[in-house]
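To start, the structure under review is shown below, and the notes come after it.
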Amino acid sequence: MTFPSEWLKLREPADLQARNRVVVAHLAADLSGRDGLHAVDLGAGTGSTVRALSPHLPQRMRWTLADNDPALLAEASWRLPEEQVETRRVDLDRDLEAVFDPVPDLVTCSALLDLVSEAWLDRLVERLASLRIPFYAALTYDGSTTLSPGDPIDPVVVDAINQHQHGDKGFGPALGPDAGAVAVEKLRTAGFAVESGQSDWLLDSDDAALTHALVNGWAEAAGEIGLLAPVDLGGWRQRRLAAADAGDLAARVGHIDILARPGAA
Ligand SMILES: C[S@@+](CC[C@H](N)C(=O)[O-])C[C@H]1O[C@@H](n2cnc3c(N)ncnc32)[C@H](O)[C@@H]1O
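Heads up, the sequence shown is in this note's numbering, so the first residue is 1 and it goes up one at a time.
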């Protein structure tokens with residue numbers, strides 16, 4: 001599955017606004033005063049995690065951005081300071097274990113966990129636990145989407161989106177909206193002290209371009225699932241696009257942020 005740079009650019013301001021500040025503050029406190037740290041960002045895209053966290057984390061931290069999309073990594077390279085980041089092209093489904101050599105001080109990801117399968121998450125948690133690496137995972141979709149004002153067809157569309165989220169996104173059947181809760185449970189079972197907080201997108205008339213893109217994406221996903229007659233789904237899409245473009249559509253899209261610290265040795 002590919003993620004166009006334009007889509008990542010469109011969502012980055014909403015992501016930045018939504019990231020749970022308490023979770024970021026606790027991560028920052030954990031790392032404060034430590035020099036020469038090395039973090040790996042999984043599914044890094046164009047480097048939004050680095051841009052979001054850098055102001056809060058130690059100045060001279062080095063990052064490895066791991067992704068399988070060379071165009072996104074090339075963009076990350078020119079958008080971020082050369083001395084701060086290196087990029088690594090890797091298929092994380094096939095070669096997840098490779099990114100743990102050398103062993104990083106921190107592993108992060110954003111908008112990734114809902115794409116992965118339970119088996120892949122098990123591999124990740126096993127590796128984090130055995131190497132005792134703290135883990136920050138932001139912006140995992142939690143299945144709650146509400147639009148305002150409401151439309152009678154919204155609940156069926158949201159149901160279809162959430163079913164679509166379980167499709168294979170390159171890691172096997174995706175955890176989709178279950179990913180956050182499943183990750184918290186697996187990390188706790190593996191001995192991590194886990195905290196989490198909401199990082200919902202709260203979109204209004206200022207976010208019309210993102211809301212427009214979301215409505216189109218949701219309509220396409222819902223069309224693939226087929227819960228609605230095409231004529232009904234088409235009508236919903238037209239109504240929602242018109243409202244988004246007029247600045248009359250607000251949306252709340254639920255996400256969860258997670259910080260997991262290795263337990264006492
Ligand atoms: C939703 S995007 C999130 C990007 C970035 N973390 C952000 O928040 O803007 C998911 C990212 O995972 C990457 N990805 C998807 N499947 C992958 C795989 N099998 N191996 C490595 N990266 C993958 C995509 O290229 C994309 O950059």
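By construction, the Cβ of each residue, glycine as well, lies at the ideal position given by its N, Cα and C atoms.
Original post:
How many angstroms separate the CA atom of G180 from the CA atom of A193?
Top reply: 15 Å
Subject >> Rounded straight-line distance, which links the Cα of L112 to that of D178 >> reply: 13 Å
Original post:
Using the C-alpha atoms, what's the distance from N216 back to R51?
Top reply: 28 Å
Original post:
Is S32 buried or exposed, if buried means 16 or more other CB atoms sit within 10 Å of its CB?
Top reply: exposed
Subject >> Beta-carbon contacts of S139 that lie in its chain and below 6 Å, excluding the five residues immediately before and after >> reply: Going by the sequence as given, residue 139 is Leu instead of Ser. Excluding sequence neighbours, L139 sits near D15, S110, A111, S199 and H255.
Subject >> Sub-8 Å separation of L147 and A251 beta-carbons >> reply: yes
**OP:** Consult DSSP for L147 and reduce its assignment to one of helix, strand or coil.
**Re:** strand
**OP:** Please name the residue in A74, L233 and G143 whose C-alpha comes closest to that of P301.
**Re:** Residue 301 cannot be examined here, being either before or after the span of the chain that is shown, 1 to 265.
**OP:** Please confirm whether any heavy atom of ligand 1 lies closer than 7 Å to the CB of G170.
**Re:** yes
**OP:** Answer yes or no: the CB of L214 versus the heavy atoms of ligand 1, is any distance below 7 Å?
**Re:** no
Subject >> Cβ contact (3+ pairs, closer than 8 Å) linking the segment 234-249 and the segment 121-129 >> reply: no
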